[in-house]
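First residue of the sequence shown: 0, per numbering that gives the first Met the number 0; consecutive thereafter. These notes are about the structure you will find just below.
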Amino acid sequence: MTYIIIHALAPIFVIMLLGFWAGKVKMVDNQNVALLNIFVMDFALPAALFSATVQTPWRGIVAQSPLIVVLTLAMWITYGAIYFLATRVFKKSPQDAAVLTLTVALPNYAALGLPILGSVLGEGSATSLSVAVSIACGSVLMTPFCLLILEREKAQAAGENSGSTLAMLPVLMWRSVKKPIVWGPLLGVVLSALGIAMPDLLLAAIKPLGLAATAAALFLTGVILSARKLKINTAVMTSTVTKLLIQPAIAWGMVLLFGLHGSVAITTILMIALSAGFFGVVFGNRFGVQSPDAEAVLLLSSVLSILSLPLFISLTSGV
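See below:
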């Protein structure tokens, strides 16, 4: 099982390392990655998320409602707790806290979901559906929180804050929703609910973008990391422990609370037990926000998940 996990993590480290090397030797300007960021955030990832959600049958999404509920609650609880700690205890700015929080709260469904879940439950349509639902759940129900905070702080810095955050909420929500990374998967969910099938030609046309999404995002993350000096501190250690141990424990408690069992319970716990995702770091870079702690958590949790994932895989074998 450890070999399977290392095999799943290997592409992440290799592609990030290539991006890191490209930035260090100045093959890529690691101080100016705006073009690569636009490609990832406005084209590749939205295309991948739209394809995943629009091709997910609505009945399948509804059938996965227990998974959606537990994943969402586990991510929201983690988001709230880490944001509170980041702003009140570690005294971070709201932007830095938002990036760190999204990194911790949103697992790396896109890169690790299918390899890990497939190795435990077997590859098949049910496994692919669970991963697709997890990705949609994270992108539609989690990323807007981070975007709202980043948009709010951007507006305040530009002198656009004419009232309270509550008064600005409609404008901030519109700015977040109109971003491709949000409306892409949301549109896919809506079309799936309406039973509208996309033409095969359209799906074939955007498929290369979707295939490039994860690799491009990981490469971009490596380039971003090449311009930073990573430091391990209390915030990084607290966030890493929360991601790898506390958040899966929260999900496990909810599985017991809701009386879930079998493949649904295993899927729920293992999806949350995945290492930190790269969305937070990429989002922050798009808004000009640097979060060294989020970058450190991304790397550290990926490495340590080699130990934590086998633990949860073994523990869930009897669920």
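We put the CB at the ideal spot given by N, CA and C, even for glycine.
Counting Cβ pairs closer than 8 Å, one from the segment 143-151 and one from the segment 271-285, do we hit at least three?
Yes, they touch.
Quick one: what's Ala275 bridged to in DSSP?
Partner(s): Pro106.
Touching or not, the segment 3-14 and the segment 291-306, by the rule of three or more beta carbon pairs under 8 Å?
Enough Cβ pairs lie closer than 8 Å, so yes.
Suppose the cutoff is 8 Å on Cβ atoms and the five residues either side in sequence are ignored; what does the same chain contact list for Ser301 look like?
Excluding sequence neighbours, Ser301 sits near Leu8, Ile11, Phe12, Asn107, Ser274 and Ala275.
Ser365: buried (16+ other C-beta within 10 angstroms of its C-beta) or exposed?
Residue 365 is absent from the structure shown; the chain starts at 0 and stops at 318.
To the nearest angstrom, how far is the alpha carbon of Arg174 from that of Leu299?
Looking at the two C-alpha atoms, the distance is approximately 32 Å.
What are the complete alpha helix (DSSP H) segments, minimum 4 residues, inside the segment 131-207?
Those alpha helix (DSSP H) runs which fall completely within the segment 131-207 and span 4+ residues are 142-156, 164-176 and 179-193.
Could you name the residues of the same chain whose beta carbon sits closer than 7 Å to that of Ile76, not counting the 5 residues immediately before and after it, in chain order?
Cβ within range, chain order: Ile249.
With a 10 Å radius around its C-beta and 16 neighbouring C-beta atoms as the bar for buried, classify Leu200 as buried or exposed.
It is exposed - the Cβ of Leu200 has fewer than 16 other Cβ atoms within 10 Å.
Need the endpoints of the alpha helix (DSSP H) that Arg58 sits in, please.
It spans Trp57 to Ala62 - the alpha helix (DSSP H) in which Arg58 sits, taken as one unbroken run.
Quick one: Cα of Asn31 to Cα of Leu72, how far?
About 36 Å.
Check the C-beta distance from Thr315 over to Leu259 and give it rounded, since I have them as a contact under 8 Å.
Going by Cβ atoms, the distance from Thr315 to Leu259 rounds to 11 Å, so no, they are not a contact pair.
Keeping to the same chain, check which residues put their C-beta closer than 7 Å to that of Ala295; ignore five residues upstream and five downstream.
Contacts found: Leu229, Lys230, Ile231 and Val235.
Nearest CA to the CA of Phe277: which residue from Val88, Pro114 and Val222?
Among Val88, Pro114 and Val222, the Cα nearest to that of Phe277 is on Val222.
Grouping DSSP H, G and I as helix and E and B as strand, with all else coil, what is Gly79?
Helix, per DSSP.
Rounded to whole angstroms, how far is the Cβ of Leu44 from the Cβ of Ala216, which I believe are closer than 8 Å?
Sure, about 6 Å apart at Cβ, within 8 Å.
Round the Cβ separation of Val280 and Thr237 to the nearest angstrom and send it over; I've been treating them as touching at under 8 Å.
So it is not a contact: roughly 18 Å between Cβ atoms.
Considering only their Cβ atoms, is the gap separating Phe218 from Leu35 smaller than 9 Å?
Yes, the Cβ-Cβ distance between Leu35 and Phe218 is below 9 Å.
How would you write the range of the alpha helix (DSSP H) that Gly252 sits in, first residue to last?
Gly252 -> alpha helix (DSSP H) spans Gln246 to Leu256.
Please check the pair Val24 and Leu66, which I expect to be a contact at CB under 8 Å, by giving their CB distance rounded to whole angstroms.
Not quite, the Cβ-Cβ distance comes to about 43 Å (not below 8 Å), so this is no contact.
Can Ile312 and Val119 be called in contact, C-beta distance under 9 Å?
Yes.
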